[in-house]
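Novice:
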Amino acid sequence: MSRRTLAWLVALSAILIVLVAVVVRLRPKPSLQHLKISTATIGGTYYPLGAQLARILEQLPGRPIQRAVAEQSNGSVENIQRLVNAQADVAFVMGPALFRAIRESPEAESTISVLARLYKDDVLVVVRKETGIRNIAGLKNARLFIGSRTSGTRMAATHILETVGLSENDYTADDAGSFAEAANRLIEGDIDAAFFMVGMPAEAVQRVLEWGGAELLSMAAETRRQLASGPDSIGLAADELPANLFPNQPKSIHTMSADVFLVARNDLPRDIGFIIVKALFDNIADLLLAHPKAQDVKLTEAFDVPEGLPFHAGAAKFRKTEEGSLLIATGAIEGKNYRLGKMMQALLAERGIPARVTHSDGSLENAMLLSKRPSIAIMQYDAALASRFGKPRFVYNLDLDELSVPTVSNIQRLAVLHDAKVQMFIRREKLALLEESLNQGLPPSKRTAITTLGEVATALGKLPPGEPKLRVCLGPVNSATQMVARVVLKHHGVHSDSITPLFLSVPNMVARLHSEEIDVGFFVSYVPCLAIRTILNDDSIKLLSMAPKEQALMSGTVFTMSTIEPGTYACQREDEPAIQTLSIHEVLATTEDLPFDVKAITRAIFEGEAFLNIAGGADALALDLASLPLHPDAKEYYQEAGHLPATFVWHQPFEWIHATWRLLATLVIVVAGCAGVIKLKRNRTATEIGRKILAISPGVTESDSVEKLLVIRDEIQERVRRRWWHLGELDNSHWRYLHGLIDDRVNEAKKILTRALVSEIRRYGKDGAMDGAVRQARHDSLMQRIWAFFESGELEAAQHDLLLKMLQDHAPQDSVEQTPRDEKDES
Numbered sequence: 037m038s039r040r041t042l043a044w045l046v047a048l049s050a051i052l053i054v055l056v057a058v059v060v061r062l063r064p065k066p067s068l069q070h071l072k073i074s075t076a077t078i079g080g081t082y083y084p085l086g087a088q089l090a091r092i093l094e095q096l097p098g099r100p101i102q103r104a105v106a107e108q109s110n111g112s113v114e115n116i117q118r119l120v121n122a123q124a125d126v127a128f129v130m131g132p133a134l135f136r137a138i139r140e141s142p143e144a145e146s147t148i149s150v151l152a153r154l155y156k157d158d159v160l161v162v163v164r165k166e167t168g169i170r171n172i173a174g175l176k177n178a179r180l181f182i183g184s185r186t187s188g189t190r191m192a193a194t195h196i197l198e199t200v201g202l203s204e205n206d207y208t209a210d211d212a213g214s215f216a217e218a219a220n221r222l223i224e225g226d227i228d229a230a231f232f233m234v235g236m237p238a239e240a241v242q243r244v245l246e247w248g249g250a251e252l253l254s255m256a257a258e259t260r261r262q263l264a265s266g267p268d269s270i271g272l273a274a275d276e277l278p279a280n281l282f283p284n285q286p287k288s289i290h291t292m293s294a295d296v297f298l299v300a301r302n303d304l305p306r307d308i309g310f311i312i313v314k315a316l317f318d319n320i321a322d323l324l325l326a327h328p329k330a331q332d333v334k335l336t337e338a339f340d341v342p343e344g345l346p347f348h349a350g351a352a353k354f355r356k357t358e359e360g361s362l363l364i365a366t367g368a369i370e371g372k373n374y375r376l377g378k379m380m381q382a383l384l385a386e387r388g389i390p391a392r393v394t395h396s397d398g399s400l401e402n403a404m405l406l407s408k409r410p411s412i413a414i415m416q417y418d419a420a421l422a423s424r425f426g427k428p429r430f431v432y433n434l435d436l437d438e439l440s441v442p443t444v445s446n447i448q449r450l451a452v453l454h455d456a457k458v459q460m461f462i463r464r465e466k467l468a469l470l471e472e473s474l475n476q477g478l479p480p481s482k483r484t485a486i487t488t489l490g491e492v493a494t495a496l497g498k499l500p501p502g503e504p505k506l507r508v509c510l511g512p513v514n515s516a517t518q519m520v521a522r523v524v525l526k527h528h529g530v531h532s533d534s535i536t537p538l539f540l541s542v543p544n545m546v547a548r549l550h551s552e553e554i555d556v557g558f559f560v561s562y563v564p565c566l567a568i569r570t571i572l573n574d575d576s577i578k579l580l581s582m583a584p585k586e587q588a589l590m591s592g593t594v595f596t597m598s599t600i601e602p603g604t605y606a607c608q609r610e611d612e613p614a615i616q617t618l619s620i621h622e623v624l625a626t627t628e629d630l631p632f633d634v635k636a637i638t639r640a641i642f643e644g645e646a647f648l649n650i651a652g653g654a655d656a657l658a659l660d661l662a663s664l665p666l667h668p669d670a671k672e673y674y675q676e677a678g679h680l681p682a683t684f685v686w687h688q689p690f691e692w693i694h695a696t697w698r699l700l701a702t703l704v705i706v707v708a709g710c711a712g713v714i715k716l717k718r719n720r721t722a723t724e725i726g727r728k729i730l731a732i733s734p735g736v737t738e739s740d741s742v743e744k745l746l747v748i749r750d751e752i753q754e755r756v757r758r759r760w761w762h763l764g765e766l767d768n769s770h771w772r773y774l775h776g777l778i779d780d781r782v783n784e785a786k787k788i789l790t791r792a793l794v795s796e797i798r799r800y801g802k803d804g805a806m807d808g809a810v811r812q813a814r815h816d817s818l819m820q821r822i823w824a825f826f827e828s829g830e831l832e833a834a835q836h837d838l839l840l841k842m843l844q845d846h847a848p849q850d851s852v853e854q855t856p857r858d859e860k861d862e863s
C-alpha cells in the first residue's frame, strides 16, 4: 500500500470518527412531556410516595421528564384499568390485583409490565373479642370490612374468604370508605371484623388494638398453604408477625403478605423507564421524607418478582446495569454508614469502578448480601467475626443460641472506618416508676436516682407480680444492634421474663418512642447519631450508663470502654454526668473472592479518607484487627503506602548492581519525597477545609448554616487558584470531593429543617385546645416561615411543596376546606 493511499485512509478514518462523535452528541436525549402516576387516596402510602417520586422526576438534571403528576385513585384495581385505558403511564399496584389482571385480562397482559418491586403489605384480620371468632372460617354471617370495591384489599380478602369456603352470600360487606373509618366502626361495634392490607407502621390497626376490645386472627397452616401454592394463587405468601408488634398482641400471628409493585405501560419508552427506576433508587432518602415505608424499598429486593410477571424494558436495562456494579451495603438511610457509602460510591466512580449503595437493617443483613453477590459492606466488628465463625458465642463468650447469623467464612476486611458506641435510652416517665420501686421503704436520705442499666435490673426485680413488663426495642431483626443489646442485658442481669422485646426498624423505633409505645431502646452508632437525634434531643428521654463492673467485664477483644460526654445530646441535662458505655469498630468488609480490583478500591478509600472524615486518618484505616484477616490485595496496598511492614527483601549478588540500585532508589526517594510533600500539603489543606465544613452544625437552630457553607465553597475556589511550583494548592479531585461534602451538608441542613417543620405542623394539627383565632394565627405564622425558608434557599421546592401540603391538610376549617385523611392505603 502506497503512502498516499495510507494517508487518505487515515484522513477518512479521522473524518468518520468525528462524524460519529457529532451524531452521538447531537442525538436527542430521551424525554417525555407529561408523566401520570396513579396512586391511591391521600391518607395512604401510595399517594405520598407517588407525589414525592413525581417531584424527584421533575427535578432530574436535563429535565428528561418535563412534568410528572401523582393522581389519586381508589386503589390497585382502578390503577390497572387506568393503565389499560392509557389514562396513566405509571402506577402503584398490589400483587394480587396485578396477578389476577395479567392472568384474566388479555388487555392487561399486553399492556402492563413491572418497573420494580417496592415493599410488602400484610393481611391483618382484626375481630372484636366479644364475637368469639377464632379463625377465618368463623367469619360466616359476620359484618365485615373487606376494602373498597376497586382496591387490592377487597380482592385479597374475598380470595382468602373463598379459600375457606365463604362466598359473598355468607357475610355482610360493610361500606366503610377507608381504613380509618373501618377502625372507628370496629370500636363502635358497627362491624364484627375488618381486613387491613397494610405495611408497617399500620396506624389504623394500632388504634383498634390499643382500645383493647379487639384482637388479630392467625390463619391456619392449611389455609396459608392453599393461598400460597394453590392453582388459583394470586401472589400471596405466608408470613409471620412477631409478638408484641402491636399493643395487646402477646403472640406471633400467622398471616399472608403481598408485594407492592411500581408498574408501567409497555409503550412507555425504555429509556424513560430506565430513568424512573434509577431515580427511584438514587433518591430513597428523599422518598423517606414523604413516608417511613420508603425504608423498605430496597435495591437488593427490587427485582425479586414472581414468575409470570413481565419486566418493563427500562427495568430490564437498569437491572442489567446494576448487576454488573459493586454493591455497597450500609445501614439505615439516615445513619452515618449510609452517608459514608454514598461518598465511597463517588470515590470509586472517580476511578472507573461502578458501584451502587443500598441501605439495610444492619450488619447481619449486610453479611447475607456478601454471600449472595459481589459486595463490600460496612459492618460492626463483632458481626463480622460472628459471620466468620458462624456462631455469636465465639465472639461474646456467652450462650446466644437463640441467635442465628449468616455464615461468611471467607469474610475479610478492607479498612477500619470509625468507632460506634452503644447507646441505651429510657423514657424518664418509666424511669420515675422504676426509681419508686427501687427506693420503696427507704428513708429520703438513702433514696438514689437510677443512672445505670444495673440499677434498672435491680428495680425490675423489686416490681410486684403482674406489673407491666418493660417494652425494650433491641433494634432491627437483621442488625448487630440486637446482638449487642442481648449481650448487654444478659451481663446486667435483665431477664427475658421482665421485658417485652421488640424488633423494629429505625424509623419505627423513633415513631414508637415518640408515641410512648416503647420504654427502652438500644442503638449502636457513631456519636452523635443523626438517625436518632430527634429522640436524644428530647428531654423526656434519658441515656443510661452501664454498670462499672459489667462495663469492665465486657471490654476486651471486641468492645472497648468509652463515654458519651455531657452536652452531646440535648436530653443530657447539665447536672447529669458523662455516660459510661462501650465502643466497637465499624469495618469495611468483603469476601476473599470479590471479582473487582480490591487494591484499587482500597486505594480510592484510603486516599479519600479526609473526605470520609475517618477519626485518626489514614492510620486508622489500616488498623490491625488480628481476628479478622486483611484482604491480600488491601494488605499489598497498605504496605506500599507505608502503613504496614513490607515483606519483600531484594538480595543483590553483585556489588555494581547494588550500587546502581542504591542510586536509582535515592532518585526515586527524592522524587517521591517532593511528590509526597505536595500531596501532604494538599491533604492537610483539604482536611482543614473538610473539618471547617463538618464543624458547621446543620441543626435547625443554625439558620445560616447554608450561607456559611457557601462561603467555604468560595474559599475552596480561591485555594484551587493559588499555586506552588505551578501546582494547585487543591487539585481537581480534592475540589470535587469538598464540593460534594458541602452539598451533602447543605442537603442535610435542609432535611433537618424539613423534619423540624413537619414535627411542628403535626403538633399544631394535634393541638385541639386552640381556639379559631389562635389556630389561624399559628397557621399564618407557619406559612410565612415556610415561605421565608424557601425564598432564602434553605428549603428545596419539593420540601416546600410537601410542607405546604401538610399545612393545608391541618388548616383551620374556615380558611381551607379539609380533605378527609385515611390512616392507610385502601389498596
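End of the sequence shown = 863 in the numbering used here, gap-free, step of one. All C-beta atoms in this analysis are idealised placements derived from N, C-alpha and C, irrespective of residue type, glycine included.
For M379 and S399, which I take to be in contact (beta-carbon distance under 8 Å), what is that distance rounded to the nearest angstrom?
Specialist: Contact doesn't hold; Cβ gap of about 19 Å is too wide.
Novice: Do L566 and E796 have their C-beta atoms within less than 7 Å of each other?
Specialist: Contact: no.
Novice: With H, G and I counted as helix, E and B as strand and the rest as coil, what does DSSP make of P480?
Specialist: Helix, per DSSP.
Novice: So if DSSP puts Y155 in a beta bridge, which residue, or which two residues, is it bridged to?
Specialist: Paired residue(s): V296.
Novice: Roughly how many angstroms lie between the CA atoms of S361 and D206, to the nearest whole one?
Specialist: Their Cα atoms are separated by approximately 54 Å.
Novice: Beta carbon of T366: closer than 6 Å to some heavy atom of the ligand NAD?
Specialist: Of ligands this structure carries none, so the ligand NAD is not represented either.
Novice: Between the Cα of L648 and those of A218, V313 and A382, spot the shortest distance and give me the residue it belongs to.
Specialist: With distances taken between Cα atoms, L648 lies closest to A382.
Novice: Between the C-alpha atoms of K427 and S440, what's the straight-line distance to the nearest angstrom?
Specialist: Those two C-alpha atoms are separated by around 7 Å.
Novice: Using C-beta distances below 7 Å, list every residue in its chain close to K353, excluding the 5 sequence neighbours before and after it, in chain order.
Specialist: If we look at K353 and ignore the five residues flanking it on each side, its Cβ neighbours are R306 and F310.
Novice: Per the contact definition of three or more C-beta pairs closer than 8 Å, is the region 337 to 350 in contact with the region 144 to 155?
Specialist: At 8 Å Cβ cutoff, the stretches touch.
Novice: Does the separation of the CB atoms of T77 and A106 fall below 7 Å?
Specialist: Cβ atoms of T77 and A106: not closer than 7 Å.
Novice: Does the structure place the region 250 to 269 close enough to the region 209 to 217 that three or more beta carbon pairs sit under 8 Å?
Specialist: The region 209 to 217 vs the region 250 to 269: no contact.
Novice: In the region 239 to 290, which residue ranges form an unbroken beta strand (DSSP E) of at least 3 residues, counting only runs that do not cross its ends?
Specialist: Correct list: 250 to 252 and 273 to 277.
Novice: Does the beta-carbon of V704 have 16 or more other beta-carbons within 10 angstroms, so that it is buried, or is it exposed?
Specialist: That one is exposed.
Novice: At what residue ranges does the region 553 to 577 contain a whole run of the beta strand (DSSP E), taking only runs of 3 or more?
Specialist: Here the runs fully enclosed are 556 to 561.
Novice: Going by DSSP, what residue range makes up the alpha helix (DSSP H) through A422?
Specialist: Here the alpha helix (DSSP H) through A422 covers Y417 to F425.
Novice: Can you give me the C-alpha to C-alpha distance between D226 and N110, rounded to a whole angstrom?
Specialist: Each residue's alpha carbon lies about 23 Å from the other.
Novice: Would DSSP call E738 helix, strand or coil?
Specialist: Only weak support is given to the placement of E738: the predicted model assigns it a pLDDT of 49, under 50, and the value that follows is read from those uncertain coordinates. Coil, per DSSP.
Novice: Excluding five sequence neighbours on each side, which residues of the same chain lie with their C-beta closer than 7 Å to the C-beta of I535?
Specialist: So the list reads K505, L506 and V508, once near-sequence residues are dropped.
Novice: Locate the alpha helix (DSSP H) running through V444, then write down its first and last residues.
Specialist: First-last for V444: undefined, no H or E at that position.
Novice: Expressed to the nearest angstrom, what Euclidean distance is found between the alpha-carbon atoms of R190 and V299?
Specialist: Their Cα atoms are separated by approximately 20 Å.
Novice: Take K372 and list the residues in its own chain whose beta-carbon comes closer than 6 Å to its own, dropping the five residues that flank it on each side.
Specialist: Here the set comprises Y562.
Novice: Are the region 446 to 465 and the region 577 to 584 touching by the rule of at least three beta carbon pairs closer than 8 Å?
Specialist: Yes, the region 446 to 465 is in contact with the region 577 to 584.
Novice: May I ask you to report which of helix, strand or coil DSSP gives Q835?
Specialist: Q835: helix per DSSP, three-state reduction.
Novice: If you draw a straight line from the alpha carbon of A583 to that of A731, how long is it in whole angstroms?
Specialist: About 33 Å.
Novice: From E491 to H528, what does the alpha carbon distance come to, in whole angstroms?
Specialist: Answer to the nearest angstrom: the Cα atoms are 9 Å apart.
Novice: How would you label S203, buried or exposed, when you count the other beta carbons within 10 angstroms and need 16 or more for buried?
Specialist: Label assigned to S203: exposed.
Novice: Could you have a look at E107 and say whether DSSP puts it in helix, strand or coil?
Specialist: Strand.
Novice: Rounded to the nearest angstrom, how far is the Cβ of R522 from that of L589, given a contact under 8 Å?
Specialist: Not confirmed; about 15 Å, so no contact.
Novice: Please report the distance separating the alpha-carbon of L175 from that of Y82.
Specialist: When rounded, the distance between both Cα atoms is 29 Å.
Novice: Which ranges does the beta strand (DSSP E) cover as unbroken runs of at least 3 residues, wholly within the region 600 to 681, from first to last along the chain?
Specialist: Here the runs fully enclosed are 615 to 627.
Novice: Rounded to whole angstroms, what is the Cα-Cα separation between A677 and I788?
Specialist: Whole-angstrom Cα-Cα distance: 39 Å.
Novice: Where does H70 sit, in a helix, a strand or coil, going by DSSP?
Specialist: Looking at H70 - three-state DSSP - the assignment turns out to be strand.
Novice: With DSSP run on the structure shown, which of helix, strand or coil describes P911?
Specialist: No answer is possible for residue 911: it lies beyond the span of the chain, which begins at 37 and ends at 863.
Novice: Would the region 442 to 455 and the region 653 to 662 be scored as touching if the rule is three or more Cβ pairs under 8 Å?
Specialist: Flag = yes, the region 442 to 455 and the region 653 to 662 touch.
Novice: For the putative contact between T627 and T599, defined by C-beta atoms under 8 Å, what is the C-beta separation to the nearest angstrom?
Specialist: Rounded, the Cβ-Cβ distance is 35 Å, inconsistent with contact.
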